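Colleague: In mature numbering (1 follows the signal peptide of the UniProt record, and there is no 0), the protein residues as written are -21 to -1, 1 to 472. The C-beta atom is built at its ideal place from N, Cα and C for all residues, glycine as well. Source: prediction; values computed, not measured.
Below you can see the structure in the form of structure tokens.
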């Protein structure tokens, strides 16, 4: 399915052990043999960007689903049943996105999404600056939202005219792929276009029925109608084209199994996994935790986490700001929040994919830049407790716990009694991450093996410690530099 470049052919020869694995077929049993790559298990931290023409709408109305809500001249149902996109029984009036749209551009029947997306003309995008920031933040994998529900491809596409190259004269995917790989990070891309079939249902009461734009809005239909042949070809064609052009290490799939049937999804997965075999690359896909299980995919908890240590690697996608796309909404996460979330995730065998939302002009906001830099500074000191680690026999201890494994958790605030554990792959060293400033000493109730040495990362002080009755007590020096979380490194006998 995918063409091989000479470079990739050479990679195949160099990684023959991986390439000799049996090819995958489009069956549950075969696909379920695919495992999370070792690079993913080692990386722990990645960054991606919600940045498409939807950013323009979000800056106008503060709503990430602007291409949906701009058509809500009456109250409509968002999702969750046959009424999606249709007026609710009790009409509470138009959505504020519709009101703002009419004020600025006129009615969406005359100036719709097909028109608004053309106003996305970023002049300040600099892929090298973005990649420098991701590297400084300590990310080991990174990439863009390749296409969101809005149907706009953020690359130079021959499959659709609604793409960055044809509409705005640039190819952000090409630039980011080059700069991210130059810095030694894995390149990923997220695809949200599975939901596009349902996304423009409200547009059919406005400009969405014009046959000239059927390649954007698709054929008029209602919730529950089967996917049209045009949509199926478009959905798969964009994925194939992107893989051929940019060869991502991970395809992050949003809402995939909720909107795409297995007879369409499974052949794609088999081809992508086999592409990894042929090119000698360990590739990965994801599936949302609230969607039906996708064989061979990494389970992703949107803005959430798991309760306890998981046997299989998993992923959280979360965002620095309240929403995914840039807006003026307050409530940005702190650096301390991000570090605590990262430590909690890694202790439970997961990885964090953190989103930032650039402005419509292509600039990552200063507030988010500062957070990424502070996270990176912490990782420079304490990264050995995060990268390339594996879970300890227990994730941690302390009063702050997650009641249930799920997405969309409220922000938790950790104390100096909350400790998360990781270990080296060979099990000779355990790390205890204290999620707030310790008191005079710290009691570790889950390090009962004999300890050889104890260090506090970032400190040259000698750390007093003792073991008694299955407990390990370690001191905290008064001269320790201020950090968001403190890591004790314990070498075992």
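Tell me which residues share the same chain as residue 365 and place their Cβ nearer than 6 Å to its Cβ, disregarding the 5 neighbours each side in the sequence.
Modeller: By one-based count along the chain shown, residue 365 stands at place 386. Here the set comprises 23 and 325.
Colleague: With a floor of 4 residues, list each alpha helix (DSSP H) that falls wholly inside the stretch 84 to 143, ordered by position along the chain.
Modeller: Entirely contained in the stretch 84 to 143, the alpha helix (DSSP H) runs reaching 4 residues are, in chain order, 92 to 95 and 106 to 116.
Colleague: Give the C-beta separation of residue 112 and residue 421 to the nearest angstrom, bearing in mind that I take them to be a contact with Cβ-Cβ under 8 Å.
Modeller: For the purposes of this step, residue 112 is taken as residue 133 along the chain shown, with counting starting at 1. For the purposes of this step, residue 421 is taken as residue 442 along the chain shown, with counting starting at 1. Contact flag wrong, Cβ pair sits at about 33 Å.
Colleague: Can you tell which of 288, 265, 283 and 142 has its C-alpha closest to the C-alpha of residue 277?
Modeller: Your numbering for residue 277 matches position 298 in the chain shown. That would be 265, whose Cα lies nearest to the Cα of residue 277.
Colleague: Extract the residue ranges of the beta strand (DSSP E) inside the stretch 308 to 349, only unbroken runs of 3 or more that lie entirely within it.
Modeller: Taking only runs of at least 3 residues, the beta strand (DSSP E) segments lying wholly in the stretch 308 to 349 are 329 to 335.
Colleague: Considering only residues of the same chain and omitting the five flanking positions on each side of residue 13, which have a CB-CB separation below 6 Å?
Modeller: Walking along the chain shown from the start, residue 13 turns up at place 34. The residues are 252 and 275.
Colleague: Let me confirm a value: residue 158 is counted as buried when at least 16 other C-beta atoms fall within 10 Å, else exposed. Which label applies?
Modeller: The count along the chain shown starts at 1 and reaches residue 158 at position 179. The residue is buried, with at least 16 neighbouring Cβ atoms inside 10 Å.
Colleague: Tell me the start and end of each unbroken beta strand (DSSP E) in the stretch 373 to 450 that is at least 3 residues and wholly inside, in chain order.
Modeller: Those beta strand (DSSP E) runs which fall completely within the stretch 373 to 450 and span 3+ residues are 398 to 402, 408 to 413, 420 to 423, 430 to 435 and 444 to 447.
Colleague: On the criterion of 16 or more Cβ atoms from any shown chain inside 10 Å, does residue 152 qualify as buried, or is it exposed?
Modeller: Sequence index remark: in the chain shown, residue 152 carries index 173 (1-based). By the neighbour-count rule (16 or more Cβ atoms within 10 Å), residue 152 is buried.
Colleague: With distance defined between alpha-carbon atoms, name the residue in 445, 139 and 229 nearest to residue 194.
Modeller: Against the chain shown, residue 194 aligns to sequence position 215. It is 139 whose Cα lies nearest to the Cα of residue 194.
Colleague: In its own chain, which residues sit with a C-beta less than 6 Å from the C-beta of residue 427, not counting the 5 before and 5 after it?
Modeller: Start at 1 with the first residue of the chain shown, and residue 427 comes out as number 448. Within the same chain, residue 427 has close Cβ partners 449.
Colleague: From 35, 66 and 41, pick the residue whose C-alpha is nearest to that of residue 50; which is it?
Modeller: The residue labelled residue 50 in the question sits at position 71 within the chain shown. Nearest of 35, 66 and 41 to residue 50, Cα basis: 66.
Colleague: Under the rule that 16 or more other beta-carbon atoms within 10 Å means buried, what is residue 295, buried or exposed?
Modeller: Your numbering for residue 295 matches position 316 in the chain shown. Result: buried.
Colleague: Closest to residue 243 by CA distance: which of 230, 215 and 255 is it?
Modeller: Along the chain shown, read from residue 1 onward, the residue named residue 243 stands at position 264. Out of 230, 215 and 255, 215 has the C-alpha closest to the C-alpha of residue 243.
Colleague: Give a yes or no on whether the C-beta atoms belonging to residue 78 and residue 54 are separated by under 7 Å.
Modeller: The residue given as residue 78 occupies position 99 in the chain shown. The residue given as residue 54 occupies position 75 in the chain shown. In this structure, residue 54 does not lie closer than 7 Å to residue 78 by Cβ.
Colleague: So, at 8 Å on beta carbons, what are the nonlocal neighbours of residue 136 in its own chain, with the 5 sequence-adjacent residues on each side left out?
Modeller: Taking the chain shown and counting its residues from 1, the one referred to as residue 136 is at position 157. Contacts found: 142, 144, 145, 217 and 220.
Colleague: Please report the residue range of the alpha helix (DSSP H) in which residue 193 lies.
Modeller: Reading the chain shown from its first residue, position 214 is the one you call residue 193. Residues 193 to 196.
Colleague: When you compare only the Cα positions, how much space is there between residue 179 and residue 81?
Modeller: Taking the first residue of the chain shown as 1, we reach residue 179 at position 200. Taking the first residue of the chain shown as 1, we reach residue 81 at position 102. When rounded, the distance between both Cα atoms is 18 Å.
Colleague: Taking three-plus beta-carbon pairs below 8 Å as touching, is the stretch 121 to 136 in contact with the stretch 354 to 374?
Modeller: Short answer: they don't touch.
Colleague: Which runs of the beta strand (DSSP E) at least 3 residues long sit entirely within the stretch 10 to 63? Give them in chain order.
Modeller: Those beta strand (DSSP E) runs which fall completely within the stretch 10 to 63 and span 3+ residues are 24 to 28.
Colleague: Closer than 8 Å by C-beta to residue 39: which residues in its own chain qualify, once you throw out the five before and the five after it? Chain order, please.
Modeller: As a working mapping, residue 39 is identified with position 60 in the chain shown. If we look at residue 39 and ignore the five residues flanking it on each side, its Cβ neighbours are 45, 76, 79, 80 and 83.
Colleague: Can you grab the Cα-Cα spacing for the pair residue 457 / residue 465, in whole Å?
Modeller: Your numbering for residue 457 matches position 478 in the chain shown. Your numbering for residue 465 matches position 486 in the chain shown. Using only the alpha carbons, I get a separation of about 13 Å.
Colleague: Suppose contacts are defined by Cβ-Cβ distances below 7 Å. Is residue 41 in contact with residue 303 by that definition?
Modeller: Here residue 41 refers to the residue found at position 62 of the chain shown. Here residue 303 refers to the residue found at position 324 of the chain shown. Going by C-beta atoms, residue 41 is not nearer than 7 Å to residue 303.
Colleague: Excluding sequence positions up to five away, which residues of its chain have a Cβ less than 8 Å from the Cβ of residue 356?
Modeller: Position 377 of the chain shown holds residue 356. Excluding sequence neighbours, residue 356 sits near nothing in its chain.
Colleague: Is the beta carbon of residue 468 sitting closer than 7 Å to the one on residue 436?
Modeller: Walking along the chain shown from the start, residue 468 turns up at place 489. Walking along the chain shown from the start, residue 436 turns up at place 457. Yes, they are a contact pair.
Colleague: Give the DSSP-derived three-state secondary structure of residue 178 in the structure shown.
Modeller: The sequence position of residue 178 within the chain shown is 199, counting from 1. Reduced to three states, the DSSP call for residue 178 is helix.
Colleague: Measure the C-alpha to C-alpha separation of residue 181 and residue 170 and round it to an integer number of angstroms.
Modeller: Here residue 181 is taken as the residue at index 202 of the chain shown, counted from 1. Here residue 170 is taken as the residue at index 191 of the chain shown, counted from 1. In a straight line, the C-alpha of residue 181 is about 22 Å away from that of residue 170.
Colleague: The alpha helix (DSSP H) with residue 270 in it runs from where to where?
Modeller: By one-based count along the chain shown, residue 270 stands at place 291. Looking at the DSSP string, residue 270 is not in any alpha helix (DSSP H), and its letter there is neither H nor E.
Colleague: Could you give the distance in angstroms between the alpha-carbon of residue 16 and the alpha-carbon of residue 375?
Modeller: In the chain shown, residue 16 corresponds to position 37, counting from 1. In the chain shown, residue 375 corresponds to position 396, counting from 1. When rounded, the distance between both Cα atoms is 25 Å.
Colleague: Applying the 10 Å Cβ sphere with the 16-neighbour rule, what's the burial state of residue 387?
Modeller: Residue 387 sits at position 408 when you count from the first residue of the chain shown. Exposed, because fewer than 16 other Cβ atoms sit within 10 Å of the Cβ of residue 387.
Colleague: Out of 122, 378, 471 and 100, which has the shortest C-alpha to C-alpha gap to residue 33?
Modeller: Against the chain shown, residue 33 aligns to sequence position 54. Looking at the Cα atoms, 100 is the closest of the given residues.
Colleague: For the beta strand (DSSP E) that contains residue 471, what are its first and last residues?
Modeller: If you number the chain shown from 1, residue 471 lands on position 492. Residues 465 to 471.
Colleague: Residues in its own chain within less than 7 Å of residue 342 by CB, not counting five upstream and five downstream?
Modeller: Counted from its first residue, the chain shown places residue 342 at position 363. Counting only Cβ-Cβ distances below 7 Å, and skipping sequence neighbours, we find 103.
Colleague: Classify residue 163 as helix, strand or coil using the three-state DSSP reduction.
Modeller: Position 184 of the chain shown, counting from 1, holds the residue named residue 163. In the structure shown, residue 163 sits in coil (DSSP, three-state: anything other than H, G, I, E or B).
Colleague: Starting from the Cα of residue 372, find the closest Cα among 287, 212, 164 and 310 and give me that residue.
Modeller: What you label residue 372 is simply residue 393 of the chain shown in a count that begins at 1. Minimum Cα distance to residue 372 is reached at 287.
Colleague: Considering only C-alpha positions, which residue in the set 429, 187, 154 and 380 is nearest to residue 105?
Modeller: Against the chain shown, residue 105 aligns to sequence position 126. Looking at the Cα atoms, 154 is the closest of the given residues.
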